[in-house]
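Comments concern the structure below.
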Amino acid sequence: MSMSASTRALTAKGGGGPRREPLGTRILALTLLVVGSIGFVYPFLWMIATALRTPEGVSHGGVSLWPIQWQWSNFADGLGSFPFWAYLRNSLLSTLVPVAAVVFSSSLVGFAFARIRARGSGVLFAIVLSTLLLPQEVTIVPQFILFKDLDMIDTLWPIIVPTFFGSAFFIFLYRQFYLRLPAALTDAALIDGAGWFRIWFSIYLPLSRPIIIATAVLQFMSYWNNFFQAAIYLTTDRWKTLPLALAGFQSVNGTNTPLLMATALVVTLPCVLLFFIAQRHIIGGISFTGSK
Amino acid sequence: MSDIVQSLEGVLERLHIDVGLRPILSFVILLAAVFAVVYAALWGAVRARWITRNTAAFWVFVSPWIVGFLVFTGGPMVYSLVLSFTDWNLIDPAKFVGIANYREAFSDPDLGQALKVTLTYAVVSVPLQTVLSLAVALLMNIKVRGIHVFRTIWYLPSLVTGVAQAVLFIWVFNPGYGLANGLLRVFGIEGPKWLFDAHWALPTVIIMSLWTVGGNMIIYLAGLQDISKELYEAAEIDGANRWRSLWNITIPQVSPVIFFNVVTGLIYAMQTFTQGYVVTHNGGGPADSLLFYVLYLYNNAFSFFRMGYASALAWIFFIMIMVLTAVVFRGSAFWVYYESQRPKERRRRVHVG
Numbered sequence: 001m002s003m004s005a006s007t008r009a010l011t012a013k014g015g016g017g018p019r020r021e022p023l024g025t026r027i028l029a030l031t032l033l034v035v036g037s038i039g040f041v042y043p044f045l046w047m048i049a050t051a052l053r054t055p056e057g058v059s060h061g062g063v064s065l066w067p068i069q070w071q072w073s074n075f076a077d078g079l080g081s082f083p084f085w086a087y088l089r090n091s092l093l094s095t096l097v098p099v100a101a102v103v104f105s106s107s108l109v110g111f112a113f114a115r116i117r118a119r120g121s122g123v124l125f126a127i128v129l130s131t132l133l134l135p136q137e138v139t140i141v142p143q144f145i146l147f148k149d150l151d152m153i154d155t156l157w158p159i160i161v162p163t164f165f166g167s168a169f170f171i172f173l174y175r176q177f178y179l180r181l182p183a184a185l186t187d188a189a190l191i192d193g194a195g196w197f198r199i200w201f202s203i204y205l206p207l208s209r210p211i212i213i214a215t216a217v218l219q220f221m222s223y224w225n226n227f228f229q230a231a232i233y234l235t236t237d238r239w240k241t242l243p244l245a246l247a248g249f250q251s252v253n254g255t256n257t258p259l260l261m262a263t264a265l266v267v268t269l270p271c272v273l274l275f276f277i278a279q280r281h282i283i284g285g286i287s288f289t290g291s292k
Numbered sequence: 001m002s003d004i005v006q007s008l009e010g011v012l013e014r015l016h017i018d019v020g021l022r023p024i025l026s027f028v029i030l031l032a033a034v035f036a037v038v039y040a041a042l043w044g045a046v047r048a049r050w051i052t053r054n055t056a057a058f059w060v061f062v063s064p065w066i067v068g069f070l071v072f073t074g075g076p077m078v079y080s081l082v083l084s085f086t087d088w089n090l091i092d093p094a095k096f097v098g099i100a101n102y103r104e105a106f107s108d109p110d111l112g113q114a115l116k117v118t119l120t121y122a123v124v125s126v127p128l129q130t131v132l133s134l135a136v137a138l139l140m141n142i143k144v145r146g147i148h149v150f151r152t153i154w155y156l157p158s159l160v161t162g163v164a165q166a167v168l169f170i171w172v173f174n175p176g177y178g179l180a181n182g183l184l185r186v187f188g189i190e191g192p193k194w195l196f197d198a199h200w201a202l203p204t205v206i207i208m209s210l211w212t213v214g215g216n217m218i219i220y221l222a223g224l225q226d227i228s229k230e231l232y233e234a235a236e237i238d239g240a241n242r243w244r245s246l247w248n249i250t251i252p253q254v255s256p257v258i259f260f261n262v263v264t265g266l267i268y269a270m271q272t273f274t275q276g277y278v279v280t281h282n283g284g285g286p287a288d289s290l291l292f293y294v295l296y297l298y299n300n301a302f303s304f305f306r307m308g309y310a311s312a313l314a315w316i317f318f319i320m321i322m323v324l325t326a327v328v329f330r331g332s333a334f335w336v337y338y339e340s341q342r343p344k345e346r347r348r349r350v351h352v353g
């Protein structure tokens, strides 16, 4: 499956597959889709409605989306119940640095697997792929001890540092992407006497735009929502991130649901915005994931 | 290890380096030393003509991943195997206890519960997700104008993940004011207590997991659109109806994608942590009905500080995942179809550069 096929999946009005269906089939499919879509999007809309209601409005409103009291102060109150700006800074730091780090490191390693012919390359690539099946929970205890020895508990370093060494999944994506670029690119440069680093940096990296965007967006979403590592390494307000604030919300605010939903919306917002900005690339990246 | 770091930090302190930067700088210095040794060895090997310049370049390029793997994955795995034979609370010196931790694990009722919860969740939720996302992808593969709006709508919930999804669904399944019971009341049914009921808590989390099938749906959709039209045309000429086409063309053609999603989905499901942690305030839920394996491991390591036992749990978990993956891989021979061994893919795998 190619990248172009994946983008086609999103943009084309119809794709491959069977020929144009009979009218009855299309009406049936469309009806199912409409009903399903309402069911899928309803909890989301209800979340927004709850975030803008007063506590009384919530108990009166029930399952309906209306009426809404437009209680915008829920946002200020929800975010005001914890050091929001500090948490936001920490979330941004522990997301954006890993994004930049993983984009470059994975590209470098993926390039070597795709283009530099060397003994042992195939075996090593098999090892890289096999680590994809390895859950991070298996190594979390010794990793915690490692970072404790390095004096890095309750800092963002344990989350940031490992991303500088590339991620197996993105190394795989980059390799597949580079294998589809014409091999002549390297041959010409090699004849001109360019070194591998130059070839990577000035030929391959500039051509990597689509895969860089897909990698950056997928990495952003997973690190922005990173909870497991944050719960283990971050213990004080100084370095805690937004998902931790959300998880600890109920102990601070009792069961004030509108405030909780308002805060949850704010925490989700960057991902939703990013999705609408980079929709094509995200879908391309996700479907590229399923490459046969 | 910590001694070296301590002495490095001491040196940095004398150089008046800010206290917050000392740990990372010590680490960078250590790493620089490792890389210097690796690069010197490669350079020597090229000079001695043991390896070619290209081979050396390859190993230099992949060295970040290798060092990262050894420091953050391979090394820790070996270390945790050693730890699993000890009793250690992080403060007192570790005590060698042989296989006592594993012995304890096999008779630990809480671990039995955690295994039951995790395996039930994985074995029920992954097939449900697969069927649902494939069915929706098939529906979306029709040629209708504006269909991409539906794709966006179905994908949107996948953006509300982790803690945000958990807090939303705690509210949706609130027995009193929640959306679920509110809707049931419209039909005159008094719904269960969902997450507060030991029998309903796990099914509730499984329903939660179905909300985010949009990501898989997109993968299937791309797979469906990759199937060549000629196959369907040929089938039509042979008089096959739509169901025959679905079973004999569509499903076999996307079976590698299904396989990929089942494998990654199973591993992902086994790792479930956030839902259990947030929903139950790290308590395991009513009658431990949401005591996921990783939650139990986390509690042993970071609440009870039983590092040895937690390491043993991690290794048992690792072996379990390997066995499960092997079973799925073995079974795949019977239902995953690779187009004539995919000669195109094979050719691609050969280095072109």
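Protein sequences, first through last, are from chains R and V. Numbering-wise (the UniProt record's numbering), the first sequence opens with residue 1 and increments by one. Numbering-wise (the UniProt record's numbering), the second sequence opens with residue 1 and increments by one. For each residue, glycine too, the CB sits at the ideal point set by N, CA and C. Bear in mind that the values here come from a model prediction, so they are computed numbers and not experimental data.
Mind checking which residues open and close the alpha helix (DSSP H) that includes residue i?
i                   : result
alanine 180/V       : 179 to 186
phenylalanine 317/V : 307 to 335
arginine 145/V      : Careful: arginine 145/V lies outside any alpha helix (DSSP H) and carries neither H nor E.
glutamate 137/R     : It is not in any alpha helix (DSSP H) - glutamate 137/R carries neither H nor E in the DSSP assignment.
lysine 229/V        : 229 to 237
arginine 89/R       : 84 to 115
leucine 124/R       : 121 to 130
threonine 31/R      : 23 to 51
leucine 15/V        : Leucine 15/V -> no alpha helix (DSSP H), and no H or E assigned at all.
leucine 234/R       : Note, leucine 234/R: premise wrong, no alpha helix (DSSP H); not H, not E.
asparagine 216/V    : 214 to 225
alanine 60/V        : The identity of residue 60/V in the sequence shown is valine, whereas the question assumes alanine. Where valine 60/V is concerned, the enclosing alpha helix (DSSP H) stretches over 53 to 69.
tryptophan 157/R    : 157 to 160
asparagine 74/R     : 73 to 80
arginine 47/V       : 22 to 47
histidine 199/V     : Where histidine 199/V is concerned, there is no enclosing alpha helix (DSSP H), given that its DSSP letter is neither H nor E.
Across which residues does DSSP place residue i in a beta bridge pair?
i           : result
lysine 95/V : Asp87/V
Return the CA-CA distance between residue i and residue j, expressed in angstroms with no decimal places.
i                   : j                   : result
arginine 89/R       : asparagine 141/V    : 42 Å
valine 138/R        : valine 71/V         : 14 Å
tyrosine 174/R      : isoleucine 203/R    : 14 Å
methionine 47/R     : leucine 295/V       : 27 Å
valine 141/R        : leucine 313/V       : 10 Å
asparagine 54/V     : glutamine 136/R     : 33 Å
alanine 310/V       : serine 84/V         : 7 Å
glutamine 156/V     : glycine 75/V        : Note on residue identity: the sequence assigns leucine, not glutamine, to residue 156/V. Roughly 39 Å separates the two Cα atoms.
valine 149/V        : methionine 208/V    : 23 Å
glycine 214/V       : arginine 103/V      : 42 Å
alanine 194/R       : alanine 183/R       : 15 Å
phenylalanine 169/R : methionine 270/V    : 18 Å
residue 294/R       : isoleucine 321/V    : No statement about residue 294/R is possible, as the shown extent of chain R runs from 1 to 292 and does not include it.
valine 136/V        : alanine 216/R       : 27 Å
isoleucine 227/V    : tyrosine 220/V      : 11 Å
alanine 41/V        : glycine 98/V        : 39 Å
aspartate 92/V      : arginine 306/V      : 11 Å
serine 133/V        : arginine 49/V       : 55 Å
leucine 150/R       : aspartate 3/V       : 10 Å
residue 433/V       : glutamine 275/V     : Because residue 433/V is not part of the residues shown, which for chain V are 1 to 353, the question remains open.
serine 332/V        : valine 128/R        : 22 Å
threonine 73/V      : phenylalanine 144/R : 12 Å
proline 343/V       : arginine 180/R      : Confidence at proline 343/V is low in this model, with a pLDDT of 44, below 50, so its placement is unreliable and the value that follows should be read with caution. Near 16 Å, if we compare the C-alpha coordinates of arginine 180/R and proline 343/V.
serine 340/V        : glutamine 253/V     : With a pLDDT of only 49 at serine 340/V, under the threshold of 50, the placement of this residue in the model should not be trusted; the figure read from the coordinates follows. Rounded to the nearest angstrom, the two C-alpha atoms are 12 Å apart.
threonine 161/V     : threonine 212/V     : 8 Å
Confirm the yes/no value for this check: CB of residue i, any heavy atom of the ligand ZN, distance under 7 Å.
i                   : result
phenylalanine 150/V : Among the ligands in the structure shown, none appear at all, so the ligand ZN cannot be discussed.
**Message:** Three or more C-beta pairs under 8 Å: does that hold for the segment 72 to 84 of chain R against the segment 252 to 270 of chain R?
**Reply:** Contact between the segment 72 to 84 of chain R and the segment 252 to 270 of chain R is present, because at least three Cβ pairs lie under 8 Å.
**Item:** Interface positions of the segment 139 to 160 of chain V facing chain R (Cβ-Cβ less than 8 Å), listed along the chain
**Value:** Answer set for the segment 139 to 160 of chain V: Leu139, Met140, Asn141, Ile142, Lys143, Val144, Arg145, Ile147, His148, Phe150, Arg151, Thr152, Ile153, Trp154, Tyr155, Leu156, Pro157, Leu159, Val160.
**Message:** For the segment 193 to 202 of chain V against the segment 283 to 292 of chain V, do three or more pairs of beta-carbon atoms, one drawn from each stretch, fall closer than 8 Å, so that the two count as touching?
**Reply:** A contact exists between the segment 193 to 202 of chain V and the segment 283 to 292 of chain V.
**Request:** Give a yes or no on contact between the segment 250 to 260 of chain V and the segment 325 to 339 of chain V, applying the rule of three or more CB pairs nearer than 8 Å.
**Result:** Look at the beta carbons and you see the segment 250 to 260 of chain V touching the segment 325 to 339 of chain V: at least three pairs across the two are nearer than 8 Å.
**Item:** Cβ contact (3+ pairs, closer than 8 Å) linking the segment 273 to 283 of chain R and the segment 165 to 185 of chain V
**Value:** Under the three-pair Cβ rule at 8 Å, the segment 273 to 283 of chain R does not count as touching the segment 165 to 185 of chain V.
**Asked** Listed in chain order, which residues of the segment 71 to 101 of chain R have Cβ atoms closer than 8 Å to some Cβ of chain V?
**Response** Of all residues in the segment 71 to 101 of chain R, none comes within less than 8 Å of chain V when Cβ atoms are compared.
**Request:** Would you check if the segment 149 to 163 of chain R and the segment 98 to 106 of chain R touch, i.e. whether three or more CB-CB distances between them fall below 8 Å?
**Result:** Flag = yes, the segment 98 to 106 of chain R and the segment 149 to 163 of chain R touch.
**Asked** Contact between the segment 114 to 129 of chain R and the segment 54 to 73 of chain R: three or more CB pairs below 8 Å?
**Response** Under the three-pair Cβ rule at 8 Å, the segment 114 to 129 of chain R does not count as touching the segment 54 to 73 of chain R.
**Prompt:** When Cβ atoms are compared, which residues of the segment 14 to 45 of chain V fall closer than 8 Å to chain R?
**Reply:** Residues Gly20, Arg22, Pro23, Ile24, Ser26, Phe27.
**Request:** Could you please tell me which residues of the segment 80 to 103 of chain V, in chain order, have their CB closer than 7 Å to any CB of chain R?
**Result:** Cβ contacts with chain R: Ser80, Leu83.
**Prompt:** Quick one: any contact between the segment 195 to 214 of chain R and the segment 104 to 120 of chain R, if contact means 3 or more CB pairs under 8 Å?
**Reply:** Counting Cβ pairs under 8 Å, three or more are found: they touch.
**the segment 226 to 239 of chain R: positions lying closer than 9 Å to chain V by Cβ** = Here the close residues are Asn226, Phe227, Phe228, Ala231, Ile232.
**Residues of the segment 191 to 205 of chain V whose Cβ lies closer than 9 Å to any Cβ of chain R, in chain order** = So the list is empty, because no residue satisfies the distance condition.
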